[in-house]
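Working notes for the structure below.
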Amino acid sequence: MKKSLLVCALSAAVLLTGCETVNTTSGGVVGVDRKQSMFSMVSSAEVNQSYAQSYQETLGEASSQGVLDKTSANAKRLQVIANRLIAQAPTFRPDCAQWKWEVNLIKSDELNANCGPGGKIIFYSGLIEKLNLTDDEIAAVMGHEIAHALREHGREAMSKQYAVGAGKQIATLFGVSQETVALGDNGVNLLMTLPNSRENENEADLIGLELAARAGYNPNAAISLWNKMGQAAGGSAPPEFMSTHPASSSRIASLQAAIPKVMPLYQQAKKS
């Protein structure tokens, strides 16, 4: 009975908090067309604004420490690559043409990069230098990260957490014990968060692959990139990037299967 109440409570939370089903991007030739559940109370504008503030704080801290790199050859490489990828992003999401895109390089041994909500990109020099990344490989990383932002995977994760929190509160009102709520919470996290996280990674892989190809970067670089990542992860201290972007044989196989779909786009971009 208590389990049924918990399920009802979680369902009620979804209804009461304004769940909406959306598809944040078009599918592209890679066919990413999964419908996403978002909450109107967690709006894109609010998430973008919040992240923009955090992004500026990160840049300010890096600048005060003298590690914000605006002038090196790698900083210039990043800007050129970003410009080409960003120009293709509206193919998947037209409204992103109005985003206030930024790309910055921070001097650090950390092997990491990300693109937050609203198009805020950060690379760490260690990722480029230690893995000796080519322009094509940098485009593979950046395309993947941009894809996360286009798909609003951050907002999607926040929406799920919001649903879990609201469901716990309503379950308590229904008289469900805290122990049962905790068990339900763990179950929901396993059912909702972990599988979707893997799914989100696959979506970012595929959209990133197409973005890079449309921008004139060789899609085969995604394979060499993840091979390098896998080798880097073999040490005693795997790179930070690998903690949220684990390399696997299935990931590489998925990319290899998608490359023939985007290769004509790459070949066409190289001609123009």
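Taken in order, the sequence shown gives residues -18 to -1, 1 to 254; the numbers are from mature numbering (1 follows the signal peptide of the UniProt record, and there is no 0). Think of the CB as a built atom: it goes at the ideal place given N, C-alpha and C, for glycine as much as any other residue.
- The beta carbon of residue 2 is closer than 8 Å to those of 19, 20, 21 and 22 in its chain, skipping five residues each way along the sequence.
- Every alpha helix (DSSP H) stretch that sits fully inside the region 37 to 119 and reaches 4 residues is listed by chain position as 55 to 70 and 107 to 112.
- The residues 5 and 9, in chain order, have a CB closer than 7 Å to that of residue 15 in the same chain once the five nearest residues on each side in sequence are set aside.
- With respect to the 9 Å criterion, residue 137 and residue 29 are classified as neighbours on the basis of their beta carbons.
- Counting the other CB atoms within 10 Å of its CB gives residue 42 a total below 16, which places it among the exposed residues.
- When DSSP states are grouped into helix, strand and coil, residue 19 belongs to the strand group.
- Boundaries around residue 244 are those of the alpha helix (DSSP H), 231 to 253, since no beta strand (DSSP E) includes it.
- Here the alpha carbons of residue 93 and residue 45 stand approximately 19 Å from one another.
- Put simply, the region 87 to 103 does not touch the region 190 to 209. Fewer than three CB pairs are less than 8 Å apart.
- Residue 123 is bridged by DSSP to nothing; it lacks a bridge partner.
- For residue 182, the number of other beta carbons within 10 angstroms of its own is at least 16, and it is reported as buried.
- Note on geometry: alpha-carbon atoms of residue 204 and residue 108 lie some 18 Å from one another.
- Looking at the backbone, the Cα of residue 71 and that of residue 216 are separated by about 33 Å.
- For residue 4, the enclosing beta strand (DSSP E) has its first and last residue at 1 to 4.
- Of the candidates 197, 117 and 237, 197 places its Cα closest to the Cα of residue 69.
- Residue 200 sits close to residue 118, with the two beta carbons spaced by under 9 Å.
- Check the Cα spacing between residue 80 and each of 209, 211 and 99: the tightest is with 99.
- Only residues of its own chain outside the window of five on either side were considered, and among them 194, 203, 204 and 207 have a CB closer than 6 Å to the CB of residue 122, listed in chain order.
- For residue 206, the enclosing alpha helix (DSSP H) begins and ends at 203 to 214.
- Minimum Cα-Cα distance from residue 244 among the listed residues 64, 189 and 31 corresponds to 189.
- Cα atoms of residue 66 and residue 95: separation of roughly 18 Å, rounded to the nearest angstrom.
- With a threshold of 16 other beta carbon atoms within 10 Å, residue 77 falls short and is exposed.
- Around the CB of residue 187, 16 or more other CB atoms lie within 10 Å, so the residue is classed as buried.
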